[in-house]
Each structure stands twice: as structure tokens, then as C-alpha cells.
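Quick note on full-length UniProt numbering: the sequence shown kicks off at 1 and runs consecutively.
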Amino acid sequence: MSRSSDTTRRTPPGILLMRSIRGKDWRFSTYRYVVLFVTFIAYACYHASRKPTSIVKSVLYPDPNRPLGNGQYPWPIANVFIKEKFSDTGINRMRNKGWAPFNGPDGTSKLGEIDVAFLACYSLGMYVAGHLGDTLDLRLFLTTGMIGSGIFVGIFGMGYFWNVHVFWFYLVMQMVAGLFQATGWPSVVAVIGNWFGKRKRGLIMGIWNAHTSVGNITGSLLAASVLNYGWGWSFIVPGALIVMGGILVYFFLPAYPEDIGFTCPQGSATNAVAEPNDEEAQISKRNVVGGEINTASSNGSVRRKSVGLLEACSIPGVIPFALCLFFAKLVAYTFLYWLPFYLSQTEIGGEYVSVKSAGNLSTLFDVGGIVGGILAGYMSDKLNARAITAASFMYAAIPSMLLYRTYGSISKTVNIVLMMTAGLFINGPYALITTAVSADLGTHSSLRGDSRALATVTAIIDGTGSMGAALGPLLTGFISTKGWDAVFVMLMIGALVAGLLLSRLVIAELSEKTCKPMSQSSGQQSIGAPVTQPLLSDRR
Numbered sequence: 001m002s003r004s005s006d007t008t009r010r011t012p013p014g015i016l017l018m019r020s021i022r023g024k025d026w027r028f029s030t031y032r033y034v035v036l037f038v039t040f041i042a043y044a045c046y047h048a049s050r051k052p053t054s055i056v057k058s059v060l061y062p063d064p065n066r067p068l069g070n071g072q073y074p075w076p077i078a079n080v081f082i083k084e085k086f087s088d089t090g091i092n093r094m095r096n097k098g099w100a101p102f103n104g105p106d107g108t109s110k111l112g113e114i115d116v117a118f119l120a121c122y123s124l125g126m127y128v129a130g131h132l133g134d135t136l137d138l139r140l141f142l143t144t145g146m147i148g149s150g151i152f153v154g155i156f157g158m159g160y161f162w163n164v165h166v167f168w169f170y171l172v173m174q175m176v177a178g179l180f181q182a183t184g185w186p187s188v189v190a191v192i193g194n195w196f197g198k199r200k201r202g203l204i205m206g207i208w209n210a211h212t213s214v215g216n217i218t219g220s221l222l223a224a225s226v227l228n229y230g231w232g233w234s235f236i237v238p239g240a241l242i243v244m245g246g247i248l249v250y251f252f253l254p255a256y257p258e259d260i261g262f263t264c265p266q267g268s269a270t271n272a273v274a275e276p277n278d279e280e281a282q283i284s285k286r287n288v289v290g291g292e293i294n295t296a297s298s299n300g301s302v303r304r305k306s307v308g309l310l311e312a313c314s315i316p317g318v319i320p321f322a323l324c325l326f327f328a329k330l331v332a333y334t335f336l337y338w339l340p341f342y343l344s345q346t347e348i349g350g351e352y353v354s355v356k357s358a359g360n361l362s363t364l365f366d367v368g369g370i371v372g373g374i375l376a377g378y379m380s381d382k383l384n385a386r387a388i389t390a391a392s393f394m395y396a397a398i399p400s401m402l403l404y405r406t407y408g409s410i411s412k413t414v415n416i417v418l419m420m421t422a423g424l425f426i427n428g429p430y431a432l433i434t435t436a437v438s439a440d441l442g443t444h445s446s447l448r449g450d451s452r453a454l455a456t457v458t459a460i461i462d463g464t465g466s467m468g469a470a471l472g473p474l475l476t477g478f479i480s481t482k483g484w485d486a487v488f489v490m491l492m493i494g495a496l497v498a499g500l501l502l503s504r505l506v507i508a509e510l511s512e513k514t515c516k517p518m519s520q521s522s523g524q525q526s527i528g529a530p531v532t533q534p535l536l537s538d539r540r
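Following this line, the structure appears as C-alpha cells:
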């Protein structure tokens, strides 16, 4: 098979159809927007399919000490989001009984075990998925993961209609779904890293990483909107959504510029990020001649050489950021899985919110997370200091969580403001490390030019972080029986440790910044004239 046909074979069917209809191809910049959009939708679907368990917790395990009220919504915000009324035969009656095997005295523990089963398989599968992502066709790999995730999330919900009350059924469904979900993050970060240089990567990926919060919000609203029809629908609808997202990926996602006829900028991943301003111009000069595409590239999705786990771990900064993310995701995923449950069982302004309202209200935490991800990316670009930015946000998360726990019950308005503030500081470093930092390290100068390490490095960092994500919800299931104050103490300790783990990198970045002005001033004295031209490293 020729090189040209190899490249054509990997071109997504939707793009081939578009070319045949238009009679000409899109520009490189247009493909970048397509990649951003498709990967954004893809990972938003991943996160949307993870939210149902947090929404239905209060239905599966009702709090016997919490009053049910008179069927009226205790908070006006619920009237904005929810139109239908609760009835004695609807969700209120379900809340009285719960759902075996989760409605017993050990209900919260079982719910925590369900979460950890998913996240443990997710984190372990991440290491394998990252290496496979650097070896296989990323588009097909991502499509398979999304469709598989949707199927098993839907089967979990079918337990409601099949009247399944066996714990192992739900445990196994979550474990298999976790394995399929592991395909997502290494793949989408690798695709973005393939298409975008290092300049403004923090800001671009900070905005793009809003898919995490958008997915959480979408999943919460979808799951809550169909909860009255039976909690099974809260899983089936997000499951169907991620299947449709997988179909979109299959038809329209080019994993590499080479897959649609463009050559790799500057010839290597390392050099590609060195001169980003010239990137598109060089690609256009090399590939688009007389309106036609040169498809002689041979460095497509299945021709590059992958990097092993040990070699990727030896890249400077991978291990510290991976350990930091362990504790950062412990905090973030505890909020992801337990915040709706916490809101539904905590008195706010002298009132309790309904299960639906708690699910809808928890989305405001992710609204703050969107702002935090963008702000962290922008600051890290401006300061050229990923570690300083991430550590600062983790330290700021400690007082924000303390304030939320202490004063969040005063009123609805105070709860919303403090929740969004906590979301900003908690999700900011989590978003930065899993996107821009992973992409930076995956194209580190210590790698050989023909090596592929984006998915592998992302898998190591996020896989380690996902172990913390599994531990946090599990511990919360046990600790919450002692009181929510103990849970928040655990979360604040986790945020503190996350920041401390970056101390060595923070010191290195501070030393680099203080040494640069000194070296510049000494250079001025040595030549006897002011230096007006910035250093090459500064221009980058």
C-alpha cells in the first residue's frame, strides 16, 4: 500500500464526504477549530456519563432523619430549573424506601464502593490506554471507548427496570464502564497536543478544558430532568449521549495533521512547539499547492514510535505533577460525586433542598470550575510558571473550602457564592495539570523528535491522579457517617499536600525568574551598553 493511500485510509469519513461536496479542502486553521469542537464535545460526553451516580445517591439511600416537606420546592431556584411537581407516587415515595442494596445502614459505604470501583478501574486502565493511544489510531480508539462507556452506563440504569437488587451487578457495571472511560482523557489531550503549539497553550487548553465542567453540568441536568420517571433513566440518557458523541468522533476527528494530508510542523513534536508563529504558514507552504493537498506524509496515526512508561516517567516534572494531581483529584472528585448528596442533606438558610434541586444547584460548582480553568491557564501563560500557578490555586482552595463549610448554610446566596469560589480554586489546578502541563511534558525536549509520548505522559499523570479520585469518594462514604466536618478536614489536608508536592518545582521556577534579571543586568555591565533585545527564551 502506498503512503498516499495509507494517509487517505485514516481520513475520517465525514471529512472525506465534506471534501467531495465542497470540491476543495478546509484550511489548516479550520481543521484546528474542528478538532477543538469535536474533542470538546467528546470529553463533555465522558463527564456527563459520570454524573448520574452523584444525582441518584439520595434516591438510592434516603436520609431517614431528613423531613420530606409538603411537596413544595424549598428553594426558588428549583422553580427555575424544574417544572414538574413531586407526587406521593413519584420520587418522594421512592425516597422513603430507597433501593436495595443501597438503602441499608451501610448504604453510604456501598455507594462509596461503587464510586471507587469505577475510579480504580479508570485509573488502572489509564496506564494501558495511554500507551495504546500512542500506538493505535486515536480516532478509532476514542470511538470504541465512548460507545463502550455508553453501553455499560446504560446497563447500570437498566438495573432499575430489571428490578436488580444484587450489589455485584452494579459493581461490575461500574468497573467495566471505568475501563472504557480510561480511553478518553489520554486520547483527547494527545489530539490537542498534536494540533497546537506551546504558545498560549495554557489559555487555549484552559478554555477547552471547560468541557469537564460543561459535561458535569449537562450530566447533572439530564440526570435530574428524568429522575421522576425512574432513576434508571438518569443513566440511560447520558449513556445514549456519549454513544452519539462516539459516532461524531468517528466521522469527524482527525487525530493528526498527517491523517488529512498535512505534514508535521518542523518535522517533530519537539520542534513543532518551538516556533509556533510560523507553524501554519510553513504547513500551508509545504502542503497546499494550487489548492490541492500533498498527501505524501508518512507520519500518520500508526507510524510514529511510542514511548514506554519508564521512559515517560523519567521526563523531568512528570512524577511531581502526577503526585500533585493525586491529591488535587481526590478533592475535585469528592465534590463531583458527593456534592449533590451533601446539598440534599444539609440545611441551607433553614430549609432543605429537594434531590432534583441539589443536583441542579451542584452545577454552579462547575461554573466556578470553568472560570478557574481559564484563569489558571491564562496566568500560567503570562507568568510562564505552571507549578507556581497550580500550587497557588491549591493553597487558595483551603480557605475557600473552610468558608464554604462554615458559612454555606447561612443563606442560599452565600452558599452559591462560596460554592463557585471553591470550584474556581479546586478545578483550576486540576484543569491546568491535566491539559497544558501534560501536553508540555509530552513534547519535552528530552524526547526524541520521532517519539510519541503525549498520550503516555497524560495517562501517567491522570492515571495517578485518578487513584486519588477513587480514594476521595471512598473515604467520604465512610467519613461522612462521622459528620461532614471530618470530610472537609480531609479535603483541606489533601489540598495542602497537593501544593507542597510542587514545592521543588515552584522553587526552581522562582529561581529561574530571579536569575534572569540578574544575568541580563550583568550582561549589560560587561558590554557597557543596555541590552534592548529580549532573550530568545523570553520571546518564546
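Where a beta carbon is used, it is the ideal one built from N, C-alpha and C, also for glycine.
A190 and W162 have their C-alpha atoms spaced approximately 39 Å apart. Only buried fits G408, as 16 or more other CB atoms lie within 10 angstroms of its CB. Between D259 and T11, the CB-CB gap stays under 9 Å.
With 16 or more other Cβ atoms from the protein chains shown falling within 10 Å of its own Cβ, C121 counts as buried. Close CB contacts of T108 within its chain, under the 7 Å cut and outside five residues either way in sequence, are with Y61, G477, S480 and T481 (chain order). Within the model, the alpha-carbon separation for T434 versus E113 is close to 25 Å.
In this structure, S49 places its C-beta atom within 9 Å of the C-beta atom of L241.
In summary, S344 is buried, with 16 or more beta-carbon neighbours lying within 10 Å of its beta-carbon over all protein chains present. Sequence-distant Cβ neighbours of H47 in its own chain, meaning closer than 6 Å and more than five residues away, are T212, G215 and N216. By the CB criterion at 9 Å, G219 and G184 fall outside the cutoff. In this chain, the alpha helix (DSSP H) harbouring E113 covers G107 to G133. Here the alpha carbons of V237 and V172 stand approximately 20 Å from one another. Look at E351 here: in three-state DSSP terms it is strand. Scanning its chain for C-beta atoms nearer than 6 Å, with the 5 sequence neighbours on each side dropped, one finds around F327 the residues G468, G494, V497 and A498, in chain order.
For K482, no alpha helix (DSSP H) run applies, since DSSP gives it neither H nor E. Ranking V128, L17 and E347 by CA distance to the CA of T464 puts V128 first. When G159, L248, P257 and L203 are compared, the shortest CA-CA separation from W231 is found for G159.
Rounded to the nearest angstrom, the Cβ distance from G178 to L119 is 6 Å, consistent with a contact under 8 Å.
Excluding sequence positions up to five before and after F335, its CB lies within less than 7 Å of the CB of F365 and I426, all in the same chain and listed in chain order. Contact between P101 and H165 holds, since their C-beta atoms are separated by about 6 Å, short of 8 Å. DSSP places K513 in the helix class (H, G or I) of the three-state scheme. Counting along the chain, Y333 sits inside the alpha helix (DSSP H) bounded by residues V318 to S344. Per the coordinates, the alpha-carbon of Y31 lies some 15 Å from the alpha-carbon of L17.
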